[in-house]
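Report on the structure given below.
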Amino acid sequence: MSEVSGDTWSPGEAGGRGDEWIPLRRPSDIAAELSAGERRGLGRKRGPDPSDGTPVDAPHLAWPDGFAVEPEDRSALLVLLGLASLTPRRLLELAAERGGAAACLDAVRAGDAGSDADHSHARSIDPVGVAERMAAAGARLVAVGEPEYPPALLDLFDPPAGLFVAGDRLEGLEPSVAIVGARRCSEAGRDLAVSLAGALVRAGLWVVSGGARGIDGAAHRGALDAGGSTVAVLGSGVDVAYPAENRRLFEEIRGRGALVSEYPPGTRAEPFRFPARNRIVAALAQAVVVVEGAEGSGSMITAEHAMEVGRDVFAIPGAVTSPLSFAPHTLIRDGAGLITGPNDLLSDLGLSEPTGPDGAGTGSGSGSNDAVEALGPLERAVWDALVAPAAADVLARTVEQPVSRVMGALVGLEMRSMVRQVGGRYERRPGPWGTRR
Amino acid sequence: MYGRVFGVAVIGVQGPLVKVEAHVGRGLPSLTVSGLPGTGVLDGRERVRPAVESAGLEWPLRRVVVNLSPANVRKEGPGFDLPIAMGVLAASAQVPARRLAGFAFAGELSLKGDLVRTHGILAAAMAAAAGGLEGVVVPEANASEAALVEGLTVVGAPSLGAVVGFVRGTWEPAEPPAGPAPADAPAGIDLSDVLGQWAARRALEVAAAGGHNVLMVGPPGAGKTMLARRLPTVLPAMTRQEALEVTRLHSVAGLLGSGGLVEARPFRAPHHSISQAGLLGGGTGSIRPGEVSLAHNGVLFLDEVTEFRRDAVEGLRQPLEDGRVVVARAIGAVEFPARFALVAAANPCPCGFEGDPRRRCLCLPHRAQAYRQRLSGPLLDRVDLQLHVPRLTRGELLGSESGEPSGAVRARVEGARARQRARLAGTGWTCNGQMSGAFARREARLSTDAEGTISAAVESLALSGRGFDRMLKVARTIADLEGSDRVEGIHMGEALGFRTLWQAEAVASVG
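So the sequences go chain by chain: U and V.
Counting in the working numbering, the first sequence runs from 186 upward without gaps.
Counting in the working numbering, the second sequence runs from 25 upward without gaps.
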């Protein structure tokens with residue numbers, strides 16, 4: 186990452202936004218440049234939605250002033266945000282042409298924009314009904330141009346015209362860091378997300394994520410448990426708990442942080458909404474950390490969006506044999522910052538003095554040195570042998586002790602919360618990181 | 025024209041003696057059986073007359089009534105062919121009544137008059153001995169089985185003709201064969217066959233020593249079945265009494281091969297599609313012992329335990345608690361012994377790859393959760409040892425030695441069992457796995473170190489009350505294995521390595 190954004194980053198300094206950002210180049214980009222003979226910035230591999238018909242080098246459009254200020258414009262926006270065919274980019278183009286939201290809605294109703302289905306849909310949606318549903322969900326509309334609308338979103342090629350927000354005001358959002366990753370993550374990944382989020386919160390940052398199960402949920406949980414605030418950007422309406430297992434988590438986030446969605450309340454979770462949601466996660470934060478992700482993971486999409494809008498991307502490496510390491514390793518090869526734990530992240534963000542690498546692979550790793558020093562000889566030997574997840578018999582062979590004794594030692598380490606068992610293999614748990622801040 | 029002989033009605037594994045009375049009187053030729061005969065007995069009516077005639081004897085062409093007394097017990101099985109035939113022959117004065125009185129008769133007849141192998145002969149012989157009779161007359165193929173009952177004259181006859189000859193004093197049976205050498209454990213089954221998996225081996229050793237039940241959770245191919253099959257080989261050898269119990273059950277179920285005493289502890293691995301009746305016992309007509317009883321004094325292995333029918337698995341609670349199972353049917357309740365070591369195995373999640381470092385688990389969390397919850401809680405409460413069995417990679421297996429042979433482990437197990445019997449003398453229990461929680465809490469003899477360890481575990485490992493009791497018992501067994509009178513901290517530490525898996529995970533995965 187150092188090529189462009191520098192080794193340090195401090196909150197509040199919007200890491201090269203808008204025209205100022207200089208694209209990062211990844212090995213894969215350089216290869217593409219060499220073959221195509223062109224030099225282009227990072228992260229356009231996906232490009233704007235091709236079905237959009239928008240050329241890659243589309244002009245940077247801005248929302249017209251007063252797009253959604255007047256009451257009729259705001260109520261028109263409530264309708265416009267519910268139209269599936271009217272992507273944010275198309276709405277942006279329409280607004281650049283027509284001006285206010287009410288004029289845009291008239292254009293849709295007249296059949297000048299949007300799909301045929303949406304022409305009639307636009308005529309049938311009652312803005313009063315949407316407003317009532319919004320009130321029932323305890324949400325409010327934050328339209329572009331309002332002071333609460335996060336300016337960071339304007340870096341996007343297709344910024345949302347408005348957000349439905351339930352919870353705290355978004356002005357307090359900066360600085361923030363996004364933590365994203367696999368939905369089907371490992372226990373270790375979940376722990377990492379929790380401790381990363383906790384460290385960020387203790388450093389005074391907000392944590393942004395996507396509200397999904399797995400790493401996302403763990404990041405939110407870690408932020409809340411550390412007494413911080415967190416923003417969950419949902420791919421459904423803010424009153425739709427998806428996944429259902431996160432219902433309680435979402436309720437807590439309403440109280441400390443915010444639930445955010447560009448879709449009106451009541452919108453069901455549908456697969457196509459999640460990649461779109463990821464761009465908001467990426468743009469809202471000043472940096473994105475990818476914890477785990479298999480091939481084809483949505484966290485790759487988030488990371489690419491982040492690079493497009495000039496956010497720093499960090500990734501936590503894992504075992505090369507683990508399928509969940511695919512996304513982080515690909516990103517690291519492409520130039521993402523390699524971090525092994527919260528200390529790395531905080532120092533890379535310029536929030537703390539470098540304290541040397543942390544992470545389970547080195548030295549005392551997890552568990553403060555005191556805890557390691559306090560271990561009995563066999564526990565210590567087992568701990569030292571646990572450089573990678575291992576079955577009890579394999580450990581017994583390494584430390585040359587009977588398996589019965591080694592199991593006792595492992596239980597002792599489990600009781601000290603230094604080790605955990607996953608599917609018959611024991612692994613070190615991330616230690617009390619906060620103590621070394 | 026009256027005759028009377030003894031038969032045996034095998035009910036469950038019990039066999040009350042039955043008086044088979046026959047009366048030959050005036051009327052059209054017919055054979056009527058009264059006295060609550062089951063369908064199997066009625067079926068024999070058609071066989072008896074041809075068999076008698078094939079033996080060169082005369083079937084009385086008169087009205088024949090056979091009564092089975094006492095009449096309040098339903099009689100089942102083909103074993104009544106022979107006593108009915110003998111009763112009729114006695115009633116028609118073709119055999120002398122004198123020698124009939126001291127013997128019970130059991131066996132199925134063929135139309136040719138041969139006696140064919142019959143189920144439940146050992147139970148019948150035991151009933152005859154209990155009834156104070158001199159001996160039994162049984163098919164030759166079952167003679168070695170009946171000969172297991174001490175102090176009983178066993179007449180193994182090849183045919184009805186030979187039986188008649190015996191009663192008339194013109195034919196004597198050969199000495200019943202000593203029976204073929206008892207079938208040993210299936211060849212090649214030994215704990216030393218298992219590569220690596222030291223933790224699982226140790227779990228088997230502890231389970232065998234303390235009579236604990238085991239749950240193994242691991243992906244397909246981890247070796248759960250291979251390990252379970254080897255548990256019988258480390259259990260102490262059966263006493264003669266235990267072997268007789270097993271042999272009798274297997275005799276009733278018709279599983280006894282060439283006869284003789286079953287000396288290897290049984291290993292039963294029913295498929296998960298088994299019905300409740302198949303698992304616990306039942307069936308129409310005669311009530312057959314279920315898999316739990318066929319595993320009596322041995323091992324019942326339930327692979328894919330989450331896939332078993334819920335009613336079947338719930339029904340395991342009684343045998344796990346009491347060591348017996350009572351099968352109630354309209355015709356009455358039957359009790360079978362069913363004291364077995366349960367080994368249950370399950371995949372960690374529906375796809376089987378949770379926790380596998382190289383394969384990604386594709387199960388949604390709530391599906392995996394639902395899968396775990398399919399395992400009945402009351403059943404889990406009776407499984408003291410629970411462990412993960414990981415599928416070892418080739419790298420992990422590299423350099424693993426195959427461990428001790430079963431015999432070495434069994435020697436330690438027998439030592440531990442002897443200590444338990446001595447300590448538990450007078451309680452009615454013989455091993456730690458049978459102790460009640462309250463008794464274990466009172467009598468486990470923890471060192472202060474062990475006490476500190478388990479108290480800490482209640483806090484830091486979220487050990488439940490039931491889990492606490494189970495850990496006490498397991499730690500007690502580990503101490504017994506080491507010949508230690510006190511449960512030390514190291515014993516408790518190891519026991520905690522086998523604590524509840526799935527409930528702990530359920531707690532951890534919240535949030």
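Here a beta-carbon is modelled for each residue, glycine too, at the ideal position from N, C-alpha and C.
Cβ of Ala581 (chain U) within 8 Å of any chain V Cβ: yes
Closer than 8 Å to chain V by CB, Pro345 (chain U): no
Counted within 10 angstroms of its Cβ, other Cβ atoms place Gln221 (chain V) as buried (16 or more) or exposed: Here Gln221 (chain V) is buried: its Cβ has 16 or more other Cβ atoms, across all protein chains shown, within 10 Å.
Interface flag, Val238 (chain V) vs chain U, CB-CB below 8 Å: no
Contacting residues, own chain, Cβ-Cβ under 7 Å from Leu448 (chain V) (five flanking each side not counted): Thr454
Close-in-space but distant-in-sequence residues of the same chain around Phe511 (chain U) (CB under 8 Å, 5 per side omitted): The answer, listed in chain order, is Gly478, Ala479, Glu480 and Ser482.
Within chain V, partners of Asp401 (chain U) - CB distance below 8 Å: Going along chain V, no residue has its Cβ under 8 Å from Asp401 (chain U), so there is no contact; the nearest lies around 13 Å.
6 Å Cβ shell around Leu487 (chain V) - same chain, five flanking residues per side excluded: Ala481
Of the listed residues V:Arg465, V:Arg490 and V:Thr524, nearest to Val511 (chain V) (C-alpha basis): V:Arg465
Proximity test, Cβ basis, 8 Å: Leu509 (chain U) and chain V: yes
Cα-Cα separation between Val44 (chain V) and Glu132 (chain V), rounded to whole angstroms: 15 Å
Cα-Cα separation between Leu560 (chain U) and Pro243 (chain V), rounded to whole angstroms: 33 Å
Where Lys248 (chain V) falls, given that 16 or more other Cβ within 10 Å makes a residue buried: Counting Cβ neighbours within 10 Å, Lys248 (chain V) comes out buried, since at least 16 surround it.
Where the segment 593-605 of chain U meets chain V: residues whose CB sits under 8 Å from a CB there: Gly593, Ala594, Leu595, Val596, Gly597, Glu599, Met600, Arg601 and Ser602
Distance, Ala170 (chain V) Cα to Pro197 (chain V) Cα: Taking the Cα positions, Pro197 (chain V) is about 14 Å away from Ala170 (chain V).
Whole-angstrom C-beta distance between Leu563 (chain U) and Arg590 (chain U), which should lie under 8 Å: 6 Å
Burial state of Gly520 (chain U) (16 or more Cβ within 10 Å): buried
Expected contact under 8 Å - CB spacing of Ala104 (chain V) and Gly155 (chain V) to nearest Å: In the sequence on display, residue 104 (chain V) carries Phe and not Ala. Incorrect: roughly 16 Å between the Cβ atoms, too far for contact.
Beta-carbon spacing of Arg73 (chain V), Leu55 (chain V) below 8 Å: It is a contact, given that the beta carbons lie within the stated cut-off.
Rounded distance between the beta-carbons of Gly521 (chain V) and Ser471 (chain V), thought under 8 Å: Their Cβ separation, rounded to whole angstroms, is 18 Å, which puts Ser471 (chain V) and Gly521 (chain V) out of contact at 8 Å.
Option in V:Thr271, V:His236 and V:Leu228 with minimal Cα separation from Leu251 (chain V): V:Leu228
Where the beta strand (DSSP E) through Leu41 (chain V) begins and ends: Element bounds for Leu41 (chain V): Leu41 to Gly49.
Alpha carbon of Ala575 (chain U) to alpha carbon of Leu416 (chain V), nearest angstrom: Roughly 10 Å separates the two Cα atoms.
Pairwise C-alpha distance: Glu164 (chain V) and Ala368 (chain V): 40 Å
Minimum Cβ-Cβ distance from Glu328 (chain V) to chain U less than 8 Å: no
Identity of the residue in U:Ile364, U:Gly422, U:Arg601 and U:Pro345 nearest Ile623 (chain U) by Cα: This structure gives no information on residue 623 (chain U), because the portion of chain U shown stretches from 186 to 622.
Val437 (chain V) versus Glu287 (chain V): straight-line alpha-carbon distance, rounded: 18 Å
Cβ-based contacts, 7 Å cut-off: residues of the segment 457-480 of chain V near chain U: Ala480
Any chain U beta carbon closer than 8 Å to Asp380 (chain V): With 8 Å as the cut-off, Asp380 (chain V) counts as an interface residue toward chain U.
Entirely enclosed beta strand (DSSP E) segments - the segment 454-493 of chain V, minimum 3 residues: none
Members of the segment 410-425 of chain V near chain U, C-beta cut-off 8 Å: Here the close residues are Leu411, His412, Val413, Pro414, Leu416, Glu420, Gly423 and Ser424.
Through-space distance from Ala491 (chain U) to Val473 (chain U), alpha-carbon basis: 7 Å
Partners in chain V for Pro574 (chain U), counting only beta-carbon separations shorter than 7 Å: Pro381
Gly427 (chain V) versus Phe127 (chain V): straight-line alpha-carbon distance, rounded: 53 Å
Limits of the beta strand (DSSP E) - the one that Leu411 (chain V) falls within: Leu409 to His412
Near-chain V residues of the segment 407-438 of chain U (beta-carbon distance less than 9 Å), N- to C-terminal order: Asp410, Pro428, Ala429, Glu430, Arg433 and Leu434
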